[in-house]
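Quick note: the sequence shown uses this note's numbering, first residue 4, plus one each step.
Below you'll find the structure, written out as structure tokens, and then a few comments.
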Amino acid sequence: MAHGRIRAKLKRSSLYTFGCIRPPVDSTDEPHQFRGPGFSRHVCCNQPHLHQKKPLKYRKNYISTTKYNIITFLPKALFEQFRRVANVYFLLAACLSFTPVSPFSPYSMMAPLAFVIGLSMAKEAVENWHRFMQDMKVNMRKVRVHNGDGVFSLKPWMNLRVGDVVKVEKDQFFPADLLLLSSSYEDGICYVETMNLDGETNLKVKRSLETTLSLDDDFMFKDFKATIKCEDPNPNLYTFVGNLEFERQLYPLDPSHILLRDSKLRNTGHVYGVVIFSGHDSKVMQNATKSPSKRSTIEKQMDKIIYVLFTLLVLISLISSTGFALKAKKEMRRWWYLWTPDEHKIYDPDNASLSGFYHWITALILYGYLIPISLYVSIELVKVLQAVFINHDLNMYDEETGTPAQARTSNLNEELGMVDTILSDKTGTLTCNQMDFLKCSIAGVPYGIQSSEVELAAANQMAMDLEGHDGHFARSSGQNGSEIELEVIKGSKDSLRKVIKGFSFDDDRLMNGNWAHEANPDVILFFRVLALCHTAIPEFNEENDSYSYEAESPDEGAFLVAAREFGFEFCRRTQSSIFVREKNPSSQEFVEREFKLLNLLDFTSKRKRMSVIVQDETGQILLLCKGADSIIFERLSKNGRRFEAATTKHLNDYGEAGLRTLALAYKKLEESEYKSWNEDFIKAKTAIGGDREAMLERVSDMMEKDLILVGATAVEDKLQQGVPQCIDKLAQAGLKIWVLTGDKMETAINIGFACSLLRQGMKQICISTNVDTLNQDSKEAVKEKIEIQIANASQMIKLEKDPHAAFALIIDGKTLTYALEEDLKREFLNLAVDCASVICCRVSPKQKAMVTRLMKEGTGKTTLAIGDGANDVGMIQEADIGVGISGVEGMQAVMASDFDIAQFRFLERLLVVHGHWCYKRIAQMMCYFFYKNIAFGLTLFYFEAFTGFSGHSVYDDWYMLLFNVLLTSLPVIALGVFEQDVSSEICLQFPALYQQGPKNLFFDWYRILGWMGNGLYCSLIVFFLNIIIFYYQAFRAGGQTADMTALGTAMFTCVIYAVNCQIALTMSHFTWIQHILIGFSIIAWYAFLILYGMLPPEYSGNAHGIFLEALAPAPLFWLTTILVTVACNLPYMAHISFQRSFSPMDHHVIQEIKYYKKDVEDQHMWTRERSKARQETKIGFSARVDAKIRHFRQMLQKKSSALSPRVALAATRT
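Following this line, the structure appears as structure tokens:
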């Protein structure tokens, strides 16, 4: 607690030059003048009861991301169901079933429709309930709220109201948009992490108004009252305009006073704030969009197939009605013996046209089996079961957090197998926001022998690839081993070393005080720059007897941990001094040294550097500077460039390894020189006016020049576990990966290198516009410059002749604003699609959604967005598939997503395994459904035509009702749930198999029409073979011929056998479940026939005893069943035999290799096939390895060509 009080007494604002400055006491800002609409918000602070009635009644703090609520569920869910054209048709058919023209009873039409729609709506309700429960997890978070009389108590977030005063403690999220009143620091400063909003990892400094600083304890709010007038709710995260009226004075408010919902309080004990915007009025929720209704590509295509089938239905109904009208007009009068009482004039030879119309409606209902109503309910059931398997996949279970993968909606399972482009957030998605000090360069000497994750992954891939190149490199390098060697990579796992968070450095030359033996004295200065150039606060940890640090950024924390481990431990800070405990290399004892802090020139994204001016115990004044190498190198003096060339080489090596780099420099100052400069600096710091920051920048530049280079650091921005491997596998699967981040361009580029989206040799196209251009030029001029940059980049790609050349597009948010406008977005999209990787930096949540929409609509291909923060919600909802990372940074992304996983690496299995399986399962299932319904439905048409267009069915009503419900439904569900063309291990070993989905090889029109043609052929065989066999001869021993019931039962039996044998031929993966379900479907048919035939004739009608007495004893019935089944499936067997023999698909080859166990007997061949199966890619560490292998080949060719003339000359001399 003592350390907390000391920290609270620090006036943090005195440390900052640019980031957080209070104006001088004699300068007062004028209150904002509100004019026009958009500024009607009126907040009564500490008086929430006034906001319970209009006109001051605002939204509650309750949030909802659900698709439905109690009121809207019924109308919206019904609308969703009747967006499906088949359901509209069956609703009309069910209504017509109550009329005399229907060939079926009303219950047989209404029951299936009600069952299908009811089941689908129940599934929607369950999924919506799960979303509601996750919303409630957020709504029920607790925060301390002022209840009156200076007492604060815990309340759920959802019960907060505008005007409430809340107390938020360290590491808690802000429950609403708050006005900061005071903090645990004396001067009202607090640190805020906005990673959940904009993806930036560095902490933001917020400050309260000076007039509210006295509100620093609970009891101070007993009589607190104030009024805020400000802008209305809007989605802009970076602006705020308002006035605070307190004690009869008006004070202007700006964004530095506002704490946004879903950002987190860091490095600050607590803050007090008042709620301004609550719930859906908060800025982060204003950036969110309503939960969209998403439909998969296959489901949309299925609607087109339904239209085709409906057209076919109308066509054959017209043929049937025309035939009936002609029969009625010309021949019905002669059929007087068939006449029955006809009150509705359905069979009226005097009005054949009207009778034909009635018959057309009858035919539309009769042939309705062409359109499979059970397809929808079967797909719903299959998708739910697929989702259960996704949820229970142990390979996507994160043991550290205990979080499984979750399919929050099952509507998009098959869409997972059709993704073309992945749009990913960076912070929290690719990275885990942890920096590790890994390597450094001091005075031109590189230190650090550990390898980054990227180097390790690339080395493993290279070793694997070289094994699959027929030993070519092994033989070649054996001859000239000294010339070409593969670098030896040292792993980062060392069981003997103690694991230190933020420090993975390993090099005995610097550890344990060995740095004292290094020749160059700059080593000490290097460590002092790390220990002194920062704004962090130390906290003593009694458990491990060392200091931990609360820093503005993870980089800064890693530097301090590194300095501590090297023996330069930052231990204390006051307003004017920094204390460092330095370890004596010889005695191993610590000596505490005081450095007076004279000035701090803090880091900004524009400056890209940070400096401190300190005075050591000898009185020497030093400027210590760290920053981007490009910025530091241009400020070096002539004498300070001694190590520039060597350091530049090391920086390039570190960048290739995916590490984040900074250059370190120093400058010795004379006291007179410093005093003269400091006078100018104080004048600039206390200046009033708009040019104040420019003056500060100018004065700082005067000091930060003529520097002496000390060295460079390389920290690893720790990627989430398995990210490089996952990206590489996805790239091999043919997927494009874009990164959309709110972080700075330099940070995004470093991460691009770290996860191998960028690599050395890749040509970077940076589309940007500097701030000065934006301020000085008109909008049209800026757009013209951006258009020229895009055109030049596109031309450069077109003119590139190297087939292995790779381009990366990098663009910032301000430029993207123009690039996304209507007249530029098409050119921007074309350029982006031509590039191997795309990185968009400093983008807002809205821009993320706009880029996603542009990619989705502009290319027409399936997009997947993945993120973990509230700033990713718009992107996740806009994409065809949204995936949320259920990390530690809130649940907004998860609640808006379609699928959620614990880590990015699980995306590999979600897409390459489950996506591939689900796509093929659903595609084959749908094709089979259309096949069997056409095979069955067209037999009705043939029979009706054969019987003079009578309008009667050859099948009993119960046969038709059970066909889709029981007799053919279970095997197709087994196909949709359990089918695997290859195992999950093979999917991961052969990622190129995934491309079958994006290319839509299993649900294109060629395959759909092929299956429809198969159904047509099957229907013809079933009908005409049965007619030929049963029509002209007796089939029973007693000489009886077949009646309509016997013929219909025999035909139906053939259909059941044919379609069930067909699905058995379609399946690649059999378990006992498939065997049982296919066998059950056939046995169930016979069981039904026996039981139905045993019912009294008033229930079973003409089917009484049909099987046991008529069909079973007749050998002709059994022979016909076998003959028809074989004839129906013979063409399909011939087709697959021909295809596997002469034009096999990728999975056919793999199935054959596995069947003959060639993968076990010939490992070399298996490795070679795996290497071939990768999609050619220009991103991922495989692309980096391929580039190195090409480089080795070129070196070998040069070596060979250089040796050839010598060999020839030696032979000549001989």
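Note that the Cβ used here is the ideal one computed from N, Cα and C, for glycine as well.
Assigned secondary structure, residue i (DSSP; H/G/I helix, E/B strand, else coil)
i, result
"residue 747", "coil"
"residue 581", "strand"
"residue 1204", "helix"
"residue 1185", "helix"
"residue 1129", "helix"
"residue 497", "Because residue 497 sits at a pLDDT of 44, beneath the cut-off of 50, its placement in the model cannot be relied upon, and the following sentence gives the value as read from the coordinates. Three-state DSSP puts residue 497 in coil, outside helix and strand."
"residue 272", "coil"
"residue 531", "helix"
"residue 94", "helix"
"residue 1166", "helix"
"residue 159", "strand"
"residue 549", "strand"
"residue 1068", "helix"
"residue 990", "helix"
"residue 444", "strand"
Option nearest residue i by Cα separation, candidates the options
i, options, result
"residue 105", "81, 369, 165, 283", "369"
"residue 1130", "1112, 1193, 1023", "1023"
"residue 280", "1094, 1196, 61", "61"
"residue 142", "115, 162, 1157, 196", "162"
"residue 255", "243, 266, 434, 263", "243"
"residue 178", "188, 165, 185", "165"
"residue 614", "674, 706, 98", "706"
"residue 930", "1016, 738, 607", "1016"
"residue 1218", "752, 1149, 630, 1120", "Nothing can be reported for residue 1218: it is not among the residues displayed for the chain, which extend from 4 to 1217."
"residue 524", "1093, 403, 448, 748", "448"
"residue 48", "119, 100, 150", "150"
"residue 1040", "1112, 595, 436, 1186", "1112"
Beta-carbon proximity check, residue i vs residue j, cutoff 8 Å
i, j, result
"residue 654", "residue 426", "no"
"residue 932", "residue 378", "yes"
"residue 228", "residue 453", "no"
"residue 730", "residue 760", "yes"
"residue 967", "residue 375", "yes"
"residue 549", "residue 576", "no"
"residue 662", "residue 717", "yes"
"residue 965", "residue 1091", "yes"
"residue 812", "residue 838", "yes"
"residue 926", "residue 301", "yes"
Residue i, buried or exposed, once every other Cβ within 10 Å from all chains shown has been counted against 16
i, result
"residue 686", "exposed"
"residue 974", "buried"
"residue 305", "buried"
"residue 497", "Residue confidence is low: residue 497 scores 44 on pLDDT, short of 50, so the model does not pin down where it sits. Its coordinate-derived value is still stated next. Exposed, by the Cβ-count rule."
"residue 1146", "exposed"
"residue 1182", "buried"
"residue 236", "buried"
"residue 414", "buried"
"residue 478", "Legend: pLDDT at residue 478 = 32, less than 50; position of this residue unreliable, value from coordinates given subsequently. Residue 478 is exposed by the Cβ-count criterion."
"residue 592", "exposed"
"residue 481", "Note on residue 481: pLDDT 38, under 50, position unreliable in the model; no value is reported."
"residue 762", "buried"
Residue i beta carbon near the ligand SAH (any heavy atom closer than 7 Å)
i, result
"residue 240", "Looking at this structure, you won't find the ligand SAH or any other ligand, since it has none at all."
Original post:
Mind pulling the alpha helix (DSSP H) runs of 4 or more residues that sit fully within the segment 959 to 984?
Top reply: 960 to 965, 972 to 981
Original post:
What are the complete alpha helix (DSSP H) segments, minimum 4 residues, inside the segment 356 to 406?
Top reply: 376 to 394
Original post:
Can you list the alpha helix (DSSP H) stretches of 4 or more residues lying completely in the segment 185 to 230, in chain order?
Top reply: 198 to 201
Original post:
Unbroken alpha helix (DSSP H) runs of length 4 or more, entirely within the segment 919 to 947: which are they?
Top reply: Segments of the alpha helix (DSSP H) lying fully in the segment 919 to 947: there are none.
**OP:** Taking only runs that begin and end inside the segment 807 to 877, name each unbroken alpha helix (DSSP H) of 4 or more residues, in chain order.
**Re:** Here the runs fully enclosed are 816 to 822, 828 to 837, 848 to 862.
Subject >> Length at least 4, wholly inside the segment 576 to 644: the alpha helix (DSSP H) runs in chain order >> reply: Along the segment 576 to 644, the alpha helix (DSSP H) occurs as fully enclosed runs of 4 or more residues at 632 to 636, listed in sequence order.
Original post:
Taking only runs of the alpha helix (DSSP H) that begin and end inside the segment 36 to 91, which ones reach a length of at least 4 residues, in chain order?
Top reply: 76 to 84
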